[in-house]
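Remarks on the structure that follows.
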Amino acid sequence: MLLSQLLHVHGIDSVVLERKTKDYVLGRIRAGVLEQVFVDLMAQAGVADRLHAEGFEHNGTLIAYEDDSFRVDFRAQTGTPVVVYGQTEVTRDLYAAREAAGGNLIFNTEDVAIHGAETDAPYVTFTVDGQEQRIDADFVAGCDGFHGISRQTIPLNIRREYEKIYPFGWLGILSETPPVHHELIYASSARGFALCSMRNENLSRYYIQCSLSDSPEDWTDAAFWTELKRRIPAQFADSLVTGPSVEKSIAPLRSFVTEPMRWGRLFLCGDAAHIVPPTGAKGLNTAASDVHYLLNALRDYYENGSDQGIDAYSQNALARIWKAERFSWWFTSLLHRFPYQSEFDLKMQRAEIDFLRSNDAAQKAMAENYVGLPY
Ligand code: DHB
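If you're matching positions, the sequence shown starts at 1 in my numbering and goes up one per residue.
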């Protein structure tokens, strides 16, 4: 949706195919922390008014371990905050803008297939309401997520995949309660990781590391709150306002990258090409950085008649992706409890947290990555 809107702003037509309904997409709870470069892209797309009015700038975050915590000051370290604004709201704003501009969005598409990606005349076939349709295009942007067909379209002898599966998941809840703190709290404890986040003054998002064999029904709201309180410093546990969950789900954690991100006239964007564990809040932001590189590549093609941007897309996008992969892997490894962790491993984790607490250069490196590396 963001790519489509940006292309529109630059005079380039697109058609968006969506497998689900609009209501389904707008009913999902997704990420909530936007890098400043992402906010700037939204402004370039002409869809940042509500984001500017309703998003919350966060100038830092707390990192907690057992009953201690310290703050990393993003603003002091980098000059830049992050913005808390739900991905669902980003999508809502983009739908509104595309619809107002008469954009071509097709929902409920099934059996999507990409043809001729390695030729100069690619096309996409799909069915809607049982009717087969075909769209001929100059290019295809595969923005269809980890389980989509775009990545699978690239032959196996060309595609190389890199993956790490983490031995735990995140159980997340949304509750209509005031956030326990005005900034996020990333907490490491002997019982596992916990994260306190929010959407607004009366909507909180909390996560706890859980077993991969758990299902959301195993966790009553009361059990969730009890476990969360055990994992965050007592001062926050004591003031935590609990209430009924309005959403509860479990997500597995994975690091994944596919190379290359381009095959002929097919470009992969976002989760279709890469996944990060959620600890660094990079999932949505890495998708946005792909959009930035692809937009510029396509503009170079249409405005200057040059293939240079297109030829460099995969390399440019991946250079930034791998750094976000590294940060997400590092921050996940720092704060979670792993099965079979030795006493030595635990001491290393603790020493690294102590180093981050006491070392300005380490905090600067963390902050630069968290607020988002420059495009
Ligand atoms: C949220 C999710 C994350 O993965 C994260 O690192 C920070 C915040 C959230 O949903 O609010």
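Heads up, the beta-carbon is just placed ideally off N, CA and C, and yes, glycines get one too. Model, not experiment: these values are computed from the prediction.
Item, Value
"Coil, strand or helix - Pro122 by DSSP", "coil"
"Backbone CA spacing between Ser255 and Ser306 [nearest angstrom]", "34 Å"
"Assigned secondary structure, Arg254 (DSSP; H/G/I helix, E/B strand, else coil)", "strand"
"Distance cut-off 7 Å: Gly270 Cβ against heavy atoms of the ligand DHB", "no"
"Outcome for Lys20 when other beta-carbon atoms lying within 10 angstroms are tallied against a minimum of 16", "exposed"
"Near the ligand DHB: Ser211 beta-carbon under 7 Å from a heavy atom", "no"
"Any non-hydrogen atom of the ligand DHB within 7 Å of Arg205 CB", "yes"
"Residue environment, Pro278, which counts as buried when at least 16 other CB atoms sit within 10 Å", "buried"
"Own chain, CB closer than 8 Å to His292, minus 5 neighbours either side, in chain order", "Val37, Leu41 and Tyr375"
"Gly169 in three-state terms, based on DSSP", "strand"
"heavy atom of the ligand DHB below 7 Å from Ala100 C-beta", "no"
"Euclidean distance between Cα positions of Gln87 and Ala31", "5 Å"
"Gly32 beta carbon near the ligand DHB (any heavy atom closer than 7 Å)", "yes"
"Collapsed DSSP secondary structure at His8 in the structure displayed", "helix"
"Contacts around Ala317, its chain only, beta-carbon distance under 6 Å, and the 5 residues preceding and following it disregarded", "Met261, Asp290 and Tyr293"
"Buried or exposed (CB count within 10 angstroms, at least 16 for buried), Glu35", "buried"
"Strand pairing of Asn104, partner residues [DSSP]", "Val15"
"C-alpha distance - Arg98 paired with Arg92, whole-angstrom precision", "10 Å"
"Selected residue, minimal CA-CA separation from Cys143, among Ala288, Trp329 and Arg320", "Ala288"
"Cα-Cα separation between Gly192 and Pro244, rounded to whole angstroms", "23 Å"
"Spatial neighbours of Asn59 in its chain, beta-carbon cut-off 7 Å, leaving aside the 5 residues before and after", "Asp73, Phe74, Arg75 and Pro81"
"Own chain, CB closer than 8 Å to Pro167, minus 5 neighbours either side, in chain order", "Leu212, Phe338 and Pro339"
"Of the listed residues Asp345, Gly27 and Thr258, nearest to Lys164 (C-alpha basis)", "Thr258"
"Stretch pair the region 295-312 + the region 147-165: three plus CB contacts closer than 8 Å", "no"
"Where the alpha helix (DSSP H) containing Met42 begins and where it ends", "Gln36 to Gln44"
"Host alpha helix (DSSP H) of Leu346 (start-end)", "Glu343 to Ser358"
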